[in-house]
Amino acid sequence: MNALDIRTVDVVQYVTPLREGGSMPAIVKANDGFLYVLKFRGAGQGKKALIAEFIGGELARAIGLKVPEVVFMNLDDSFSKTEPDEEIQDLLKFSVGLNLGLHFLSGAITIDPLVTKIDGLIASKVVLLDSIISNIDRTPKNPNLLFWNKELWIIDNGASFYFHHNWPTWENHLTRTFPLIKDHVLLAQATQIPAAAKSIELTLNCDTINGIIESIPEDWLLNEADTMTPDHIRAAYKRYLTTKLSMIDVLAKEAQNAR
Numbered sequence: 675m676n677a678l679d680i681r682t683v684d685v686v687q688y689v690t691p692l693r694e695g696g697s698m699p700a701i702v703k704a705n706d707g708f709l710y711v712l713k714f715r716g717a718g719q720g721k722k723a724l725i726a727e728f729i730g731g732e733l734a735r736a737i738g739l740k741v742p743e744v745v746f747m748n749l750d751d752s753f754s755k756t757e758p759d760e761e762i763q764d765l766l767k768f769s770v771g772l773n774l775g776l777h778f779l780s781g782a783i784t785i786d787p788l789v790t791k792i793d794g795l796i797a798s799k800v801v802l803l804d805s806i807i808s809n810i811d812r813t814p815k816n817p818n819l820l821f822w823n824k825e826l827w828i829i830d831n832g833a834s835f836y837f838h839h840n841w842p843t844w845e846n847h848l849t850r851t852f853p854l855i856k857d858h859v860l861l862a863q864a865t866q867i868p869a870a871a872k873s874i875e876l877t878l879n880c881d882t883i884n885g886i887i888e889s890i891p892e893d894w895l896l897n898e899a900d901t902m903t904p905d906h907i908r909a910a911y912k913r914y915l916t917t918k919l920s921m922i923d924v925l926a927k928e929a930q931n932a933r
């Protein structure tokens, strides 16, 4: 499968920071006239958080979950020069270049797991997706899920694939399950885990995975601290995901037992 058709836009206005996020994303306006939540390459976890956000979001979309449109966003150096807040000024300065944007869902609210009722199959798909991508950050304390137009939307996958912060040991993670699924915000509502596993198996294949991984900007794969080449890193993500997919029944059983 060829790379995905991801649009690239330019940031034309910095609107406001979203200070509730640890990496301080911001609402920005792009040259297409739309508002986006911009995730910065210069934030704490750097470009790897953008990669995790991108892969996680596009996998979610591929299995039929709702995800805001993802775009690549060019940020030039003019914004840091006019920003009075020093912390934001530094963030803008270190983020010149290609960043990640998610279409801003105006009026969306963060779900309250005690109040918001989610369809059992959808909840089960989210749980299994997070098992596959090893997402440690979808808990009651920090759901990273929005409710918009009466539908559940997936955001904030940046804490996934935590193995990529230490490439020398990444292969140790290949056959591990994901015990942290016991803390998942939607686990109680995930009433159709076997059906969700079957659906994911039918939807996600090597072509889909390859298309997503091939769409990662080359620039994001270049890191002074990494000894692996971009090609080797792409191959590692592909192998990790195809291995997890082959373990879907094991991951499903783990989630069922955790329930």
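Quick note: the sequence shown uses my numbering, first residue 675, plus one each step. The beta-carbon is built from N, C-alpha and C at its ideal position, and this holds for glycine as well.
{"query": "Please confirm if the region 699-717 is in contact with the region 805-822, defined as three or more CB-CB distances below 8 Å between the two stretches.", "result": "no"}
{"query": "In whole angstroms, what is the alpha-carbon distance linking G794 and F753?", "result": "44 Å"}
{"query": "Whose CA, out of E732, Y688 and S697, lies closest to the CA of E888?", "result": "E732"}
{"query": "Using a Cβ-Cβ cutoff of less than 8 Å, which residues in the same chain neighbour D900 once the five nearest sequence positions on both sides are dropped?", "result": "W841 and I907"}
{"query": "Figure out for me which residue from N809, L803 and T813 has the closest Cα to the Cα of L788.", "result": "T813"}
{"query": "Give the secondary structure of E825 by DSSP, where H, G and I count as helix, E and B as strand, and everything else as coil.", "result": "strand"}
{"query": "What is the C-beta distance between G720 and N831, in whole angstroms, given that I count them as a contact (C-beta under 8 Å)?", "result": "Between N831 and G720 the Cβ distance is about 15 Å, and since that is not below 8 Å, they are no contact."}
{"query": "How about L774 and E743: do their beta carbons lie closer than 8 Å?", "result": "no"}
{"query": "Go through its chain and collect everything with a Cβ distance to L896's Cβ below 7 Å, but skip five positions before and after it.", "result": "P904"}
{"query": "Taking buried to mean at least 16 other C-beta atoms within 10 Å of its own C-beta, is D750 buried or exposed?", "result": "exposed"}
{"query": "Going by Cα to Cα distance, which pick from R850, H858 and R693 is closest to L915?", "result": "R850"}
{"query": "When you compare the CB positions of A910 and W844, do they come within less than 8 Å of one another, or not?", "result": "yes"}
{"query": "Taking only the alpha-carbon atoms, compute the straight-line gap between N883 and P758 and give it to the nearest angstrom.", "result": "Here the sequence assigns Ile to residue 883, which means Asn is not the residue at that position. Cα to Cα, the separation comes out at about 42 Å."}
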